[in-house]
Each structure stands twice: as C-alpha cells, then as structure tokens.
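Data block below; observations after.
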Amino acid sequence: MDKSTFLRFQGYSKTHSLFNSNSFTEFNLLQFNSAPKILKDPIEFRNHRLGKLVEEFVFYQLHQQDNVEWIAENIQIQRGKQTIGEMDALFYLNNQPIHLEVVYKFYLYDTLNTYQDPLAYWIGPNRKDSLLYKLDKLKNKQFPLLYKEETQQHLKTFDIDISKVEQQVCFKAQLFLPYNQSKTDVELVNKKCVRGFFISYEDISIFEEAKFYVPNKLDWLIIPHNHVEWLTFVEVKEKIEKQIKDMRSPLIWIKHNDDVPIEKCFITFW
1 MDKSTFLRFQ
11 GYSKTHSLFN
21 SNSFTEFNLL
31 QFNSAPKILK
41 DPIEFRNHRL
51 GKLVEEFVFY
61 QLHQQDNVEW
71 IAENIQIQRG
81 KQTIGEMDAL
91 FYLNNQPIHL
101 EVVYKFYLYD
111 TLNTYQDPLA
121 YWIGPNRKDS
131 LLYKLDKLKN
141 KQFPLLYKEE
151 TQQHLKTFDI
161 DISKVEQQVC
171 FKAQLFLPYN
181 QSKTDVELVN
191 KKCVRGFFIS
201 YEDISIFEEA
211 KFYVPNKLDW
221 LIIPHNHVEW
231 LTFVEVKEKI
241 EKQIKDMRSP
251 LIWIKHNDDV
261 PIEKCFITFW
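Be aware that the sequence shown starts at 1, since it is given in the UniProt record's numbering, and climbs by one per residue.
This is the structure we're talking about:
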C-alpha cells in the first residue's frame, strides 16, 4: 500500500458511522467486529473515484474478518441490455447472507433554508445532494433491487435464498458546521462525524494570514497533516476561484500556526 493510499485508508478507517445503531432503525447498520488492519501487502486499489475507492476499502476490511465468506461485489443487474441497478456486495457473515450497500458522504449543515425534519439540513457542498435524498434512494431503489425478478434469477448462480438475505448499509460521513457555530444542534446523527466547518467564499478574507492546502478529491478522506506544500491567501484564492465560479465548493486545509491543529474547511460558492 503506497503512502497516499495508506493516508486515504487511514482517513476512511477513522471516519465514524453517520448513525448510532441504537438510535437509527431505518436500516440495519454494518458493524465491524474489529478495527481495520493496515497491512503492508502489495494490494492495489484501482478506483479513482472517491465513492468507489471507499467501497474497495470496506471490502478490504471485510475480507480481514474470519467470520466473513465473500460471494461477490459490484453485481450489475440487467433487464435485457439495460442495467437496472447494482448491488455493492454480497457475503456471508457468520453464515448469514448479507446484501451490503456502501455510502460515504460529505455533508454541510444548510444555513440558507429551514426544515421540519432535522436530517433535511444535511446537504452536499454543491447543494445538489442531501442526506434525505440518499436515504430515500436506499429505501426505494437500492435495497428493493434485491427483490426484482432479474436479481433473483441472477443470484441463483450463487445458490442464495433471497428470503434469508439481510440488508445492511455501511454509512460513513464527514460533517461540516457553519463557521463559528460549533454549538449547532446536531440531532439524530453521530456528533463524532463532525470534521470541520464551512464558510462562504465572500468571507474568507478573515483567514488572510493563514496558510492553505487544496487536496484533490480522493484526498478529501485524509486527516490533515503538515507535510504538504502550503499556499498563501493570494495563491489559494487564485487556485479555487474557478471552482467557485463553476458553482463548486472546494475542500481546503487551513493552517493558522504550529500551535493550532490544522482545520478542514469547505469554501462554499453560496
């Protein structure tokens, strides 16, 4: 495992589940029976999309468990020539067949709108995604896929009784609160998922004395560290300006001085 992959895997493994199993009853949550072992083997993770890379990390961790017998992953279900869906993974856990869906998200606490449902406040950094949308997709599209006729025909090759399959989700997330509002009431989600803050591009001049780093998308997983090439305020504004104009909100690291922990922050276009 190369250094960058190691750091990404480390960041993934230290990300908490978005929900606590004793307070969330919508879906069954995947529970790992031990912390992941970061092995020094020559394993290669092929994916260059963050969501797919996290899937590989989850599968890698599951393969380490003695009570897991792997069946298949990324199972595409087709109706004729049309792909109607994909199941992330199938495996036996203590001889119990499991259909697993993997989710890893970055959510910001919306300050522009008000909602009745506390979960509705969690949105993607570009305002195109939301926690409620993802939960609805799991409930009404991804999990029901198991019971489609085409899926049942496909799974016959694995000799699986659909009626005995338990469905679980591995739902990890990094949460970001409005700047200087760390006391925001985080209801129904795991407070340990809070990883930083966000601030509008219009207001970032308050950090003009700081140093900055702009990680690429895969490195959003990484826990901030000092061993990067830091940018000045002028340099980082120039670097992220195009993303802001394109209505994209970049993730950055902010270093105030050596005595203060490096912070993770989204700079929003909104």
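Cβ coordinates follow ideal geometry from the N, Cα and C atoms, glycine included. Computed from a prediction, not measured in an experiment: that's the story for all the values here.
What do you get for Thr25, buried or exposed, if any count of 16 or more other CB atoms within 10 angstroms of its CB means buried?
Translated into positions along the sequence shown, residue 25 becomes position 25. With fewer than 16 Cβ atoms within 10 Å of its Cβ, Thr25 is classed as exposed.
Taking all protein chains shown into account, do 16 or more other C-beta atoms lie within 10 angstroms of the C-beta of His99, making it buried, or fewer, making it exposed?
Indexing the sequence shown from 1 puts residue 99 at position 99. Classification for His99: buried.
For the beta strand (DSSP E) containing Lys234, name the first residue and the last one.
In the sequence shown, counting from the first residue as 1, residue 234 sits at position 234. The sequence shown places Val at residue 234, not Lys. Run containing Val234: none in the beta strand (DSSP E); it sits in the alpha helix (DSSP H), 233-245.
Measuring alpha carbon to alpha carbon, tell me which of Ile223, Trp270, Phe266, Pro261 ends up nearest Ser13.
Here residue 13 refers to the residue found at position 13 of the sequence shown. When only C-alpha atoms are compared, the closest one is Ile223.
Secondary structure of Ala120, DSSP reduced to three states:
Working through the sequence shown from its first residue, we reach residue 120 at position 120. It is helical.
Is it buried or exposed for Trp70, if we count other Cβ within 10 angstroms and need 16 for buried?
In the sequence shown, residue 70 corresponds to position 70, counting from 1. With fewer than 16 other Cβ atoms within 10 Å, it is exposed.
I'd like the span of the beta strand (DSSP E) that includes Thr5, first residue to last.
Taking the first residue of the sequence shown as position 1, residue 5 is located at position 5. Premise fails: Thr5 lies in the alpha helix (DSSP H), 3-13, not in any beta strand (DSSP E).
In terms of residue numbering, what span does the beta strand (DSSP E) encompassing residue 275 cover?
Any question about residue 275 goes unanswered here, given that the chain covers just 1 to 270.
Cβ-Cβ distance between Gln64 and Lys37 below 8 Å
Position 64 of the sequence shown, counting from 1, holds the residue named residue 64. Position 37 of the sequence shown, counting from 1, holds the residue named residue 37. Taking 8 Å as the Cβ cut-off, Gln64 and Lys37 qualify as a contacting pair.
If we count the other Cβ atoms within 10 Å of its Cβ and call it buried at 16 or more, is Glu101 buried or exposed?
Reading the sequence shown from its first residue, position 101 is the one you call residue 101. Buried.
Since His99 is in the alpha helix (DSSP H), which residue starts that stretch and which ends it?
Sequence index remark: in the sequence shown, residue 99 carries index 99 (1-based). DSSP places His99 in no alpha helix (DSSP H) but in the uninterrupted beta strand (DSSP E) bounded by 96-109.
If we cut at 8 Å on Cβ distances, does Glu73 have a partner in chain B?
Within the model displayed, chain B is absent; a lone protein chain is all it includes.
Roughly how many whole angstroms lie between the Cα atoms of Leu90 and Tyr109?
One-based indexing of the sequence shown puts residue 90 at position 90. One-based indexing of the sequence shown puts residue 109 at position 109. The straight-line gap from Cα to Cα measures roughly 33 Å.
To the nearest angstrom, how far is the alpha carbon of Trp253 from that of Ile262?
Start at 1 with the first residue of the sequence shown, and residue 253 comes out as number 253. Start at 1 with the first residue of the sequence shown, and residue 262 comes out as number 262. Approximately 7 Å, taken between the alpha carbons.
Determine the extent of the alpha helix (DSSP H) in which Val58 is found, giving its start and end residues.
Working through the sequence shown from its first residue, we reach residue 58 at position 58. Segment 50-63, the alpha helix (DSSP H) holding Val58.
Beta-carbon contacts of Glu83 that lie in its chain and below 6 Å, excluding the five residues immediately before and after
Working through the sequence shown from its first residue, we reach residue 83 at position 83. As written in the sequence, residue 83 is Thr, which differs from the Glu given in the question. Excluding sequence neighbours, Thr83 sits near Gln76.
With respect to the alpha helix (DSSP H) encompassing Leu135, which residues constitute its N-terminal and C-terminal limits?
Counted from its first residue, the sequence shown places residue 135 at position 135. In the DSSP annotation of this structure, the continuous segment of the alpha helix (DSSP H) that includes Leu135 starts and ends at 131-137.
Within 8 Å, strictly: CB atoms of Lys211 and Trp230:
Indexing the sequence shown from 1 puts residue 211 at position 211. Indexing the sequence shown from 1 puts residue 230 at position 230. With a cutoff of 8 Å on beta-carbon distance, Lys211 and Trp230 are scored as near each other.
Unbroken beta strand (DSSP E) run spanning Glu209, endpoints
Within the sequence shown, the letter at position 209 stands for residue 209. Per DSSP, Glu209 belongs to no beta strand (DSSP E) and is neither H nor E.
Should Asn190 and His16 be called a contact, given that it needs their Cβ atoms to be closer than 8 Å?
What you label residue 190 is simply residue 190 of the sequence shown in a count that begins at 1. What you label residue 16 is simply residue 16 of the sequence shown in a count that begins at 1. Closer than 8 Å, so yes.
Note down the Cα distance separating Lys239 from Asn257, rounded to an integer number of angstroms.
Along the sequence shown, one-based indexing puts residue 239 at 239. Along the sequence shown, one-based indexing puts residue 257 at 257. Answer to the nearest angstrom: the Cα atoms are 21 Å apart.
How do the segment 117-125 and the segment 178-190 stand: do at least 3 beta-carbon pairs fall below 8 Å, yes or no?
yes
Where Phe106 and Val194 are concerned, what is the direct C-alpha to C-alpha distance, given to the nearest angstrom?
Along the sequence shown, one-based indexing puts residue 106 at 106. Along the sequence shown, one-based indexing puts residue 194 at 194. Rounded to the nearest angstrom, the two C-alpha atoms are 10 Å apart.
Taking the C-alpha atoms as reference points, what is the distance between Tyr213 and Val236?
Looking up residue 213 in the sequence shown gives position 213. Looking up residue 236 in the sequence shown gives position 236. Rounded to whole angstroms, Tyr213 to Val236 spans 8 Å at the Cα level.
Under 8 Å between C-beta atoms of residue 343 and Pro97:
Since the displayed the chain opens at 1 and closes at 270, residue 343 lies outside it and no answer follows.
Applying the 10 Å Cβ sphere with the 16-neighbour rule, what's the burial state of Val169?
Position 169 of the sequence shown holds residue 169. Result: buried.
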